[in-house]
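*Asks:* Take this structure first; my questions come after.
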DNA sequence: CTCCGCTAGTGCATTCATTCACAAAGCCGG
DNA sequence: CCGGCTTTGTGAATGAATGCACTAGCGGAG
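Chains as they are written, first to last, in this note's numbering: chain A, 501 to 727; chain Z, 501 to 727.
The following block contains the structure:
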């Protein structure tokens, strides 16, 4: 409603990044609500399930339109539909995984991806020993076939689980093949190719952050003044 | 969570969470600088390597004290030492992994953890078929032995890679055993036990966020007005 | 000893995100 | 049909994070 430049024809509300990051939480919560047979859900309940507060839920959802009824709550089915469509989950997303190491292997058969609409449709590796290996239903292909597979299968997302040293080159190649989004597990900073969006997941970093806080709590305890 | 009364005697600079999240990036960058034999590094270089801007680097580092020399840069070794000590990486952190599924198995032997000072010292599962299985040097133990292992080995960090339905219970149990930090891979919200810090990593969410942006870019393109 | 070039450190303005608090709706019971 | 209860949707206030732009201070050349 408060669209600054009310351009007719381009009603882009421009969702804040923090809100985008919470959509998956709401998505999960709504799925569980829906499976539980609930027709409506209040912002309070959603907040509880998503681990945030109710005001945030309401503001976040308001960016997408009016899906709630005052005095009642949100229509679970309608809201779920909206979020699924925003996330583009109306059809399955195909992904290609590059780097079939320890982690890569696990990611290929990771159930969580499939359950949420993502399918690792191809996996490649530079190591000739790995090419041809079967992992679940998938056969590892040579890295040289990357471009063909991406184009033929209509793959939009790349997953990098190579060693750090190879990550930038792989990202560039994925970009050239027409992949528009990359999830990078290699612990290194990648410069995004033109038009490609990258998200980084560094598992060790997560532990380091936990360690930092733990460290802090301990040392605070140690030097607590004996009042 | 807030610490309103600034007790004299506890000079805690209180590091912003956003800064904490970037420490691992700086840490990585400094390790690589150090291995490259560099003695000093400028905020500009660090920024480049960490994928952030220079002002942010300087502000972040300033919370920890004065490790730079104007006109010169930061002393790589001193700064690396400071960050390692802040992250508590002066000695190895022992972790226990709960839930030896697909992902769990990969995490146990994930090289990235060990390289950065984390060691999965124990792994447990409820499934009797999995107990006794060898993964690398580790033998999967029954979940009932969790408490013993945590106490005997001095484990401070728990990693949850169970199914979502089991996650809360596992977290509670970890809390009881004295684990103070948890890295949760189960796609569900966990209520943190008293005194325990939880970080969530939801791999499917990461893909959903990518999908959201991709979706948005595409539909913006579609409805671009033909001026 | 002085001056110049360079870079850390930081106050300030701005932008982004969270939270509060309340008015606008909708439902239901009487 | 009305009045009370509930819950959304949203201005406005607050707080956190970012980025700019300037100052302070070091090292090295002359």
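We put the CB at the ideal spot given by N, CA and C, even for glycine.
Predicted model only: the values in this text are computed from it and were never measured.
Residue 578 of chain Z and residue 563 of chain Z - do their beta-carbons sit closer together than 9 Å?
*Replies:* The count along the second chain starts at 1 and reaches residue 563 of chain Z at position 63. The count along the second chain starts at 1 and reaches residue 578 of chain Z at position 78. It is not a contact, given that the beta carbons lie outside the stated cut-off.
*Asks:* Just list the alpha helix (DSSP H) runs in the segment 603-645 of chain Z, keeping only unbroken ones of 4 residues or longer that don't cross its boundaries, in chain order.
*Replies:* Qualifying alpha helix (DSSP H) stretches, in chain order: 611-615.
*Asks:* Using a beta-carbon distance below 9 Å, is residue 524 of chain Z in contact with chain A?
*Replies:* Indexing the second chain from 1 puts residue 524 of chain Z at position 24. Yes, contact with chain A.
*Asks:* Identify each residue in the segment 540-572 of chain Z for which the Cβ-Cβ distance to at least one residue of chain A is less than 7 Å, and report them in chain order.
*Replies:* Under the 7 Å Cβ criterion, the segment 540-572 of chain Z contributes 549, 550, 551.
*Asks:* Could you list which residues in chain Z have their beta carbon closer than 7 Å to that of residue 521 of chain A, in chain order?
*Replies:* For the purposes of this step, residue 521 of chain A is identified with residue 21 of the first chain, where counting begins at 1. The contacting residues are 709.
*Asks:* Measure the alpha-carbon distance for residue 659 of chain A versus residue 519 of chain Z and round it to whole angstroms.
*Replies:* Counting from 1 along the first chain, the entry for residue 659 of chain A is found at position 159. Counting from 1 along the second chain, the entry for residue 519 of chain Z is found at position 19. Their Cα atoms are separated by approximately 27 Å.
*Asks:* Near residue 701 of chain A, which residues of its chain fall below 6 Å by C-beta distance, leaving aside the five closest residues on each side in sequence?
*Replies:* For the purposes of this step, residue 701 of chain A is identified with residue 201 of the first chain, where counting begins at 1. The answer, listed in chain order, is 685.
*Asks:* Along chain A, in chain order, which residues have C-beta atoms closer than 7 Å to that of residue 528 of chain Z?
*Replies:* To locate residue 528 of chain Z, count along the second chain from 1; it is residue 28. Ordered by position in chain A, the residues that pass the 7 Å Cβ test against residue 528 of chain Z are 687.
*Asks:* Apply the 10 Å Cβ neighbour rule to residue 648 of chain A and answer buried if 16 or more other Cβ atoms are within range, or exposed otherwise.
*Replies:* For the purposes of this step, residue 648 of chain A is taken as the residue at position 148 of the first chain. Looking at its Cβ environment, which holds fewer than 16 other Cβ atoms inside 10 Å, residue 648 of chain A is exposed.
*Asks:* Going by CA-CA distance only, name the one from Z:565, Z:561, Z:569, Z:521 that's closest to residue 539 of chain Z.
*Replies:* Here residue 539 of chain Z corresponds to residue number 39 of the second chain, with the count starting at 1. Measuring from the Cα of residue 539 of chain Z, the nearest candidate turns out to be Z:569.
*Asks:* Please confirm if residue 629 of chain Z has its CB atom under 9 Å from at least one CB of chain A.
*Replies:* For the purposes of this step, residue 629 of chain Z is taken as the residue at position 129 of the second chain. Judged by the 9 Å Cβ criterion, residue 629 of chain Z is not in contact with chain A.
*Asks:* Tell me the DSSP secondary structure of residue 526 of chain A in three-state form.
*Replies:* Position 26 of the first chain, counting from 1, holds the residue named residue 526 of chain A. Of the three classes helix, strand and coil, the one that applies to residue 526 of chain A here is helix, per DSSP.
*Asks:* Considering only DSSP beta bridges, list what residue 710 of chain A is partnered with.
*Replies:* Along the first chain, read from residue 1 onward, the residue named residue 710 of chain A stands at position 210. Note: residue 710 of chain A sits in no beta bridge, so no partner.
*Asks:* Beta strand (DSSP E) containing residue 681 of chain A: first to last residue?
*Replies:* Start at 1 with the first residue of the first chain, and residue 681 of chain A comes out as number 181. Segment 681-684, the beta strand (DSSP E) holding residue 681 of chain A.
*Asks:* Skipping 5 residues on each side, what residues in its chain have a beta carbon closer than 8 Å to that of residue 678 of chain A?
*Replies:* Residue 678 of chain A sits at position 178 when you count from the first residue of the first chain. Excluding residues within five positions, the ones whose Cβ falls inside 8 Å are 650, 651.
*Asks:* Counting only Cβ-Cβ distances shorter than 8 Å, please list the residues of the segment 657-680 of chain Z near chain A, keeping chain order.
*Replies:* Residues passing the 8 Å Cβ filter: 657, 680.
*Asks:* I'd like the list of long-range same chain contacts for residue 587 of chain Z, defined as Cβ closer than 6 Å, with 5 residues on each side in sequence excluded.
*Replies:* Walking along the second chain from the start, residue 587 of chain Z turns up at place 87. No residues qualify anywhere along the chain.
*Asks:* Beta-carbon within less than 7 Å of residue 590 of chain Z's beta-carbon, same chain only, minus the 5 sequence neighbours each way: which residues are those?
*Replies:* The residue given as residue 590 of chain Z occupies position 90 in the second chain. Closer than 7 Å at the Cβ level, and outside the excluded window around residue 590 of chain Z, lie 584.
*Asks:* Quick check: the Cα distance between residue 643 of chain Z and residue 710 of chain A, rounded to an integer number of angstroms?
*Replies:* In the second chain, counting from the first residue as 1, residue 643 of chain Z sits at position 143. In the first chain, counting from the first residue as 1, residue 710 of chain A sits at position 210. Their backbone Cα atoms lie some 23 Å apart in a straight line.
*Asks:* With residue 620 of chain Z and residue 608 of chain Z assumed to form a contact (beta carbons below 8 Å), what rounded beta-carbon distance in angstroms separates them?
*Replies:* Mapped onto the second chain, residue 620 of chain Z falls at position 120. Mapped onto the second chain, residue 608 of chain Z falls at position 108. Going by Cβ atoms, the distance from residue 620 of chain Z to residue 608 of chain Z rounds to 5 Å, so yes, they are a contact pair.
*Asks:* Please list the partners that residue 706 of chain Z has in chain A, where partner means a Cβ-to-Cβ separation under 7 Å.
*Replies:* Position 206 of the second chain holds residue 706 of chain Z. Correct list: 683, 699, 701.
*Asks:* Are the Cβ atoms of residue 639 of chain Z and residue 598 of chain Z separated by less than 9 Å?
*Replies:* Start at 1 with the first residue of the second chain, and residue 639 of chain Z comes out as number 139. Start at 1 with the first residue of the second chain, and residue 598 of chain Z comes out as number 98. No, they are not a contact pair.
*Asks:* Beta-carbon within less than 7 Å of residue 665 of chain Z's beta-carbon, same chain only, minus the 5 sequence neighbours each way: which residues are those?
*Replies:* For this step, residue 665 of chain Z is matched to residue 165 along the second chain. If we look at residue 665 of chain Z and ignore the five residues flanking it on each side, it has no Cβ neighbours.
*Asks:* Examine chain A for any beta-carbon lying closer than 9 Å to the beta-carbon of residue 643 of chain Z, and answer yes or no.
*Replies:* Position 143 of the second chain holds residue 643 of chain Z. False, the Cβ-Cβ gap to chain A never drops below 9 Å.
*Asks:* State buried or exposed for residue 510 of chain Z, treating a residue as buried only when at least 16 other CB atoms are found within 10 Å of its CB.
*Replies:* If you number the second chain from 1, residue 510 of chain Z lands on position 10. Caution applies to residue 510 of chain Z, whose pLDDT of 38 falls short of 50 and renders its modelled position unreliable; the model cannot decide the point.
*Asks:* For a quick check, are the C-beta atoms of residue 550 of chain Z and residue 525 of chain Z less than 9 Å apart?
*Replies:* Locating residue 550 of chain Z in the second chain gives position 50, counting from the first residue. Locating residue 525 of chain Z in the second chain gives position 25, counting from the first residue. Yes, these two residues count as a Cβ contact at 9 Å.
*Asks:* With a floor of 3 residues, list each beta strand (DSSP E) that falls wholly inside the segment 540-615 of chain Z, ordered by position along the chain.
*Replies:* Whole beta strand (DSSP E) segments, 3+ residues: 573-575, 593-598.
*Asks:* For residue 529 of chain A, I'd like the list of residues in its chain whose CB is within less than 7 Å of its CB, leaving aside the five on either flank, ordered along the chain.
*Replies:* One-based indexing of the first chain puts residue 529 of chain A at position 29. So the qualifying residues of the chain are 546, 549, 550.
*Asks:* Do residue 617 of chain A and residue 593 of chain A count as a contact pair if the criterion is CB distance below 9 Å?
*Replies:* Counted from its first residue, the first chain places residue 593 of chain A at position 93. Counted from its first residue, the first chain places residue 617 of chain A at position 117. Their beta carbons are under 9 Å apart, which means residue 593 of chain A touches residue 617 of chain A by this criterion.
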